[in-house]
Structure formats: structure tokens, C-alpha cells
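Step one of this worksheet: look at the structure below.
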Amino acid sequence: MADSGMERTLGEQMLYYEARAGEYDEWWLRRGRYDHGAADNEAWFAEQAEARAALISAIPDGGQVADLACGTGIWTVLLAAHADRVTAIDGSVAMLAKAEDRLTQSGLIDRVNFLQADLFAWRPSVQFDAIFLGFFLSHVPEDRLDSIFRSVHDALKPGGKVLFIDSKREPSGSSPDQPLPDESEAIMTRRLNDGRSFRIVKIFRAPERMAAAMERSGLAPDVRETARYFQYGIGTKSTG
Ligand SMILES: C[S@@+](CC[C@H](N)C(=O)[O-])C[C@H]1O[C@@H](n2cnc3c(N)ncnc32)[C@H](O)[C@@H]1O
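Counting from 4, one number per residue, gives the positions in the sequence shown under the working numbering.
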């Protein structure tokens, strides 16, 4: 896709998440359109727990953590429970408002700074002990993935860790009215509960591709997958 076409899609992706903020958690909680019945839902929640345990155990206690594309704060709460300070960044004002509510209700709001920024232009001025990216990297176009990992590398202290989780290519990981694109496609159509539709970037990358991208940016990779639903990984910046 020509770059101006991709710019347009990334703009539409931002509008989509702004409009989806109020219904975003239905996907994570398997409610409404995302409810696939008891057996699939049970697998979904068990695999969430598996990935969560692996990622959260890698967060250094008491450090400075960034949550990039924090959304409604599902992971920000978990990060704030371990870290001294969390910088939670998202491009969507509506998502940030939801995250702020969640952190207030959890009693952890004092540990979190919220920031609205476009992550494709984000150049942090401080370094973190850990950087978390939940379900964002699959929305990053191929030719921008290395640049995101380089920014993450530069924003980590020596020995710091990047942690990510994302979707595997599994039809029951979303709702039936949002069919997965062809394997060769980087763009898919997403729908809201009210029927509005948006074109966004969605790329399901093999674990080896994610590991290679991390390595190219100086992050020693450890990428894993749960049985059906999630890919997650940890990358470590060298101490030297
Ligand atoms: C799939 S959601 C993930 C939210 C959260 N990390 C989670 O795991 O629940 C993707 C998030 O990326 C944000 N986002 C998309 N494009 C962005 C951009 N260019 N800059 C900053 N945030 C962006 C959206 O607003 C949305 O909150």
C-alpha cells in the first residue's frame, strides 16, 4: 500500500479505537458478540491467565514502567500493582479516560501518569525498567515494526525488558462479524456494536518473525504462544 494510503488507514485505526473505547472490554471479557460459548471462553480465560502469569512475573518490582497503547487500562492496573511508577500512553482520549477510571477504582491512580501521544512519533526523554505493549504490535505496519522496537530499545535502561502480548490468528478470538483477512493481507475491517465499520492494520506474525525483529533492535527475544489465542514475548536489552 502506498504510504499515503497507509497514513489514512492508521488515521482510521485511531478513529476506530476512539469510537470503540466504551465497548472495548467486551472482547477481553468475552461478552456480547465476543461470547463463543462455554468451552471456547474457558480456553480463552485459561490462556489469558497463562500469558499474564508469564508476563507479570518478568516485571521488576518497584521500577519505572511504560504501558504503550494502554487502552482501557486492563494491563495498566497489573503493571501499577508491581511498579513504582507507570507511564501509560495512548493516542485515544476516550481510551485514556476509561483507563483513568479503572486506575481510580483500583486505588492505584497515584502511581500512574497518563499521556496522549501518537506512538509512531513517540520519542521518550527518560528510560524505563520495563515497557509493555498489549495488542498493539499487530496494528503496526510491516515497515514500521523495526522503528517501534528501536524506540523501545532506546527507551529501556540497560538490562531493561520489553513485554508484549498479541493475538494469534484464530477466528474465535474475535467476533463472527469480523472475519479474519487473508494471510497475505495487512488490513482488515472492524465493526462496532452500532454497525459502523473501520479499516485497520492487523498482522499476525509468526513467533520467529517477532523474535527476529526484536533481535534486529538489540533485544534478546523469548517469544511464546498459548495453544490457540495468544502470542507473548519478553525481550531483554543487554547490560553492556
Ligand atoms: C487493541 S488496543 C490495546 C489496548 C490495551 N493495551 C490492551 O491490551 O487492552 C490498541 C490500542 O492502541 C491505541 N493506538 C492505536 N494507534 C495508536 C497510535 N498511533 N498511537 C497511540 N496509541 C494508538 C488504541 O487507541 C488502543 O487503545
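Each residue gets a CB set at the ideal place from its N, CA and C atoms; glycine is no exception.
7 angstroms Cβ shell around residue i - same chain, five flanking residues per side excluded
| i | result |
| --- | --- |
| V89 | V68, D70, T79, L82, A83, R114, V115 |
| A61 | K164, L166, I237 |
| F117 | A91, L99, A102, E103 |
| P63 | D132, A133 |
| E145 | A189, I206 |
Pick from the options that is closest to residue i, judged by C-alpha positions
| i | options | result |
| --- | --- | --- |
| R105 | A133, A24, R194, Q51 | A24 |
| G8 | P210, G198, A189, R212 | A189 |
| P224 | G162, P63, A52, D28 | G162 |
| Q181 | V155, I168, G198 | G198 |
Beta bridge counterpart(s) of residue i as assigned by DSSP
| i | result |
| --- | --- |
| F135 | D70, L166 |
| A224 | Note that residue 224 is Pro in the sequence shown, not Ala. Beta-bridge pairing links P224 to G238. |
| F233 | S170 |
| M191 | I203 |
| Q245 | Absent from the structure is residue 245, since the part of the chain shown begins at 4 and ends at 243. |
| R212 | DSSP, once it has assigned bridges, lists no residue as partnering R212. |
| L159 | F131 |
Contacting residues, own chain, Cβ-Cβ under 6 angstroms from residue i (five flanking each side not counted)
| i | result |
| --- | --- |
| F48 | none |
| I203 | Q16, Y19, R193 |
| K101 | A24, T75 |
| S200 | T192, R194 |
| P127 | A158 |
Distance CB(residue i)-CB(residue j) smaller than 7 angstroms
| i | j | result |
| --- | --- | --- |
| G66 | A86 | yes |
| F131 | A91 | no |
| Y232 | E173 | yes |
| V129 | L222 | no |
| M191 | K205 | yes |
| I151 | V143 | yes |
| V226 | A215 | no |
| N196 | E21 | no |
| G97 | F139 | According to the sequence provided, residue 97 is Ala. The question's Gly does not apply to it. Contact flag unset, no. |
| H39 | S141 | no |
| E50 | T229 | yes |
Integer-rounded CB distance, given that residue j should sit under 8 angstroms from residue i
| i | j | result |
| --- | --- | --- |
| S220 | R153 | 5 angstroms |
| G94 | Q119 | 7 angstroms |
| F207 | S170 | 7 angstroms |
| R55 | N44 | That belief does not hold up - the Cβ atoms of R55 and N44 are roughly 16 angstroms apart, past 8 angstroms. |
Cβ shell of residue i (< 8 angstroms), same chain only, five flanking positions each side left out
| i | result |
| --- | --- |
| G14 | none |
| W30 | Y37, S177, S178 |
| W125 | L71, I92, S154 |
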